[in-house]
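Residue numbers (this note's numbering): 2 to 208.
Built from N, CA and C at the ideal position, the CB exists for glycine as well.
It should be emphasised that the depicted structure is a prediction, and the values quoted were computed from it without experimental measurement.
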C-alpha cells in the first residue's frame with residue numbers, strides 16, 4: 002500500500018499553479034465538483050485521481066476541451082455565462098472558478114449561479130490591487146503590464162479588474178459567507194495587508 006501511495010503524483014509536482022495547489026487542498030475527497038473554465042483539465046484530473054471526486058468541467062475553447070478529454074476528464078464545451086442555468090440547485094459540493102472571473106461579462110450573475118448550483122464556491126482571481134500592478138500603473142501612466150497582467154489593454158481577456166477588498170465587499174453586500182480566504186504571492190501565502198501584498202486571492206464561499 003505504501004508503494005501505491007508513493008507512486009501518486011504530489012500536488013506541488015503536478016499542479017504548477019499556486020491557486021490550484023490551494024484549491025486541491027480545500028476540496029474534500031469523494032465530493033461532486035464542477036470546474037468552470039477548466040482549461041485542459043489538469044486540476045480535475047488530479048482531483049479525480051487523488052481525491053476520487055466525481056468531477057466535470059466546462060470550457061469554451063475547443064482545443065482545451067479535447068486536451069481535457071484526452072486526460073480522461075468529463076468536460077463540456079460551453080459558455081459559463083449561459084450554461085449554468087441548466088444545472089439544478091445544489092447539484093455539486095464545490096463549484097470552482099479559477100482565474101476566470103475577471104474575464105466574464107457578468108461576474109455577479111456567474112457568482113450567483115455558482116452558489117445556487119453548489120453548496121460551496123471556490124473563486125480564485127488575480128488581485129488588481131497588488132503592489133507591483135499599482136507601481137506599474139503609477140510609473141508608466143499606462144494600463145499596467147506585469148507577469149500577472151501581461152497583455153496590452155486592447156488585447157486583454159480581462160474586462161473586470163477586481164481586488165481583494167472588492168470581493169470582500171461584494172460578499173458582504175450579497176450576504177454570502179466567506180468560509181476561508183487564502184492569499185498568495187510568488188507561490189507563498191500572504192498574511193498581512195492582502196489587498197496590497199497578495200498577487201492571487203482564493204475564497205471559499207457559501208450562501
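Backbone CA spacing between residue i and residue j [nearest angstrom]
i, j, result
"residue 7", "residue 103", "Since pLDDT at residue 7 reaches only 45, below the 50 mark, its modelled position is unreliable, and the value read off the structure follows with that caveat. Rounded to whole angstroms, residue 7 to residue 103 spans 38 Å at the Cα level."
"residue 118", "residue 178", "16 Å"
"residue 4", "residue 175", "In this prediction, residue 4 scores a pLDDT of 39, lower than 50, which makes its location untrustworthy; no coordinate-derived value is stated."
"residue 138", "residue 145", "5 Å"
"residue 195", "residue 184", "6 Å"
"residue 200", "residue 89", "34 Å"
"residue 124", "residue 143", "28 Å"
"residue 82", "residue 156", "21 Å"
"residue 18", "residue 112", "22 Å"
"residue 161", "residue 105", "7 Å"
"residue 153", "residue 132", "19 Å"
"residue 55", "residue 75", "9 Å"
Residue i vs residue j beta-carbon contact at 9 Å
i, j, result
"residue 69", "residue 42", "yes"
"residue 197", "residue 130", "yes"
"residue 28", "residue 97", "yes"
"residue 37", "residue 115", "yes"
"residue 24", "residue 99", "yes"
"residue 189", "residue 203", "no"
"residue 93", "residue 126", "no"
Beta strand (DSSP E) segment containing residue i, residue limits
i, result
"residue 107", "No beta strand (DSSP E) holds residue 107; DSSP gives it neither H nor E."
"residue 124", "119-127"
"residue 58", "55-60"
"residue 135", "Unbroken run through residue 135 is the alpha helix (DSSP H), 132-141; no beta strand (DSSP E)."
"residue 179", "178-186"
Helix, strand or coil at residue i [DSSP, three-state]
i, result
"residue 201", "strand"
"residue 152", "coil"
"residue 162", "coil"
"residue 175", "helix"
"residue 195", "helix"
Where the alpha helix (DSSP H) containing residue i begins and where it ends
i, result
"residue 19", "19-27"
Cβ distance (whole Å) where residue i is taken to contact residue j below 8 Å
i, j, result
"residue 134", "residue 150", "6 Å"
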